[in-house]
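Below: the structure, in structure tokens.
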Amino acid sequence: MAGPDHKLRQALAERARAGGLRQLSSSSGGIDFCSNDYLGMARSNRLRTRIDKIRAQHPPASLGSTGSRLISGNSEAAERLEARLAAYHRAEAGLLFSSGYAANSGLLACIAGPGDTLVMDELIHASSIDGSQLSKARKLVFRHNDLDDLAARLDMASGAIFICVESLYSMGGDMAPLPEMAALAAEYGAGLVVDEAHSNGITGPAGAGSVVENGLEEQVFARVHTFGKGLGLHGAVVLGSKTLRDYLVNFCRPFVFSTAPSREHLDRIEAAYALLPELDAERERLFSLVRHFRTAIRDSSFRWIDSHSWVQCAIIPGNDQVLATAGRLDELGFDVKAIRAPSVSPGSECIRICLHAFNTGNEIDRLIAALENLQCADMSLQA
Ligand SMILES: Cc1ncc(COP(=O)(O)O)c(C=O)c1O
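Using my numbering, you'd call the opening residue of the sequence shown number 791 and step up by one each time.
Structure follows, in structure tokens:
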């Protein structure tokens, strides 16, 4: 009789046949064009020094937080940090989560219920999709960044309505038209929920994000800022009204039923936020590398997603093809990753290139030349 393992083996074999098998690997030490450490915070000695200083001044009394926030894991430090993050991002209140995944999935699962509607961009992150599936609300999907399609879905929506978008899309690097979306949200009485995972620390004044950059703090219902990308750490904060914070403390299951962050982790987040306003040079450098990149691909033979951010993608349809390209780039000393189906829809497979303040123009030129050479070699093989 086939045991439960049989079913799992079958699913793995099927995925391998489609060229989409995910496997854990460590970096081969190539030039980093794939991590989310956009500002170099994870490798920053300035950040390390600040964290060490805080630790020396206030050694944590306990190694772990010992429980969920509602049992034994709360602290003045956690509440102080939340107030500080809320002020930084110009929100009324904030609530910490262990990850962006927990924040997005928990938030969407609890703010909308039966009779309500979640209206979501088709390219929204898996964490938001999973949250929508956990909620008992109706789900309507609109075409990526398409305002007319969004309005058409809003016409069909009922109950409490929430529009869910990312400020900067993780797979394509393009940005949502937030002011227009906020205007539509106001017209339909909907709450706008913005995931700022890939903009946190980079866009807006002192990296406060795209909602602040566009002056939309009052028009947005909730924001999710993660710490695992531009901040170089991990964790997230949900920002919104005091009522939203109270609601999440009561109804958001990943918050209620999960161990709170340790004091050491709170100190790291505190230190990273203290450093953020001093990183204008890093942000400027990143913006200038994006311009360099876009100029360098002007005559490229690849189809590039129209992105003006630190996430750039060359479409290479087919899991096998995109995987082979990433493998060859890896051999040439570039750490880039293939984004395959089912993470993206079939035909949209791509090489995703993440730029960092610590990359150089020369590294970018070499990477693009290597990509083009691979393309030429492929074409001459096919000829
Ligand atoms: C757009 C977006 N939202 C949320 C997340 C999840 O954040 P975290 O990695 O902190 O769980 C990610 C991570 O890949 C992301 O790209």
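Positions of the beta carbon are idealized from the N, C-alpha and C atoms, including for glycine.
- With respect to glycine 1020, asparagine 826 sits close: the two C-beta atoms are nearer than 9 Å.
- If you check the C-beta of threonine 1016 against ligand 1, you find a heavy atom less than 8 Å away.
- Judged by DSSP in its simplified three-state form, methionine 965 adopts strand.
- Annotation for glycine 1030: the continuous beta strand (DSSP E) segment containing it runs 1026-1030.
- Here alanine 987 is not near leucine 1069, since their CB atoms are 9 Å or more apart.
- Under the DSSP assignment, cysteine 1140 falls in the beta strand (DSSP E) whose first and last residues are 1140-1144.
- For the beta strand (DSSP E) assignment, the uninterrupted runs of no fewer than 3 residues enclosed by the stretch 992-1017 are, from N- to C-terminal side, 1012-1016.
- In the structure shown, valine 1046 adopts helical secondary structure according to DSSP, grouped into three states.
- Per DSSP, aspartate 1070 lies in no beta strand (DSSP E) segment; the continuous alpha helix (DSSP H) that holds it begins and ends at 1070-1086.
- Taken in chain order, the complete alpha helix (DSSP H) segments of 4 or more residues contained in the stretch 1093-1123 are 1109-1121.
- For the stretch 812-883, the continuous alpha helix (DSSP H) assignments of 4+ residues that do not extend past its boundaries occur at 835-847 and 866-878, in sequence order.
- In this structure, Gly1025 is the residue among Arg807, Gly1025 and Asp1125 with its C-alpha nearest to the C-alpha of leucine 1056.
- Of the residues Val1080, Pro969 and Gly1108, the one whose Cα lies closest to the Cα of tyrosine 828 is Val1080.
- DSSP links arginine 928 through a beta bridge to Thr907.
- Relative to the non-hydrogen atoms of ligand 1, the Cβ of histidine 988 comes within a distance shorter than 8 Å of at least one.
- By the Cβ-count criterion, asparagine 1152 is exposed, with fewer than 16 other Cβ atoms from all chains shown falling within 10 Å of its own Cβ.
- The beta carbons of valine 1126 and phenylalanine 823 sit closer together than 9 Å.
- In the structure shown, aspartate 1168 falls within a helical segment according to DSSP collapsed to helix, strand and coil.
- With a cutoff of 8 Å, alanine 892 counts as near ligand 1, since its C-beta is closer than that to a heavy atom of the ligand.
- Judged by DSSP in its simplified three-state form, glycine 1151 adopts helix.
- Checking the DSSP bridge columns, you'll see phenylalanine 952 partnered with Leu908 and Gly981.
- Burial state of valine 955 is buried, judged by a 10 Å Cβ sphere holding 16 or more other Cβ atoms.
- In this structure, cysteine 1140 keeps its C-beta atom at 9 Å or more from the C-beta atom of alanine 1167.
- Excluding five sequence positions before and after alanine 1061, the CB atoms of its chain that fall closer than 7 Å to its own CB belong to Leu837, Arg840, Ile841 and Ile844, given in chain order.
- The closest heavy atom of ligand 1 lies 8 Å or more from the beta carbon of tyrosine 1063.
- Within 10 angstroms of the beta-carbon of glycine 999 lie 16 or more other beta-carbons, which makes it buried.
- Taking C-alpha positions only, serine 989 is separated from glutamate 1007 by approximately 15 Å.
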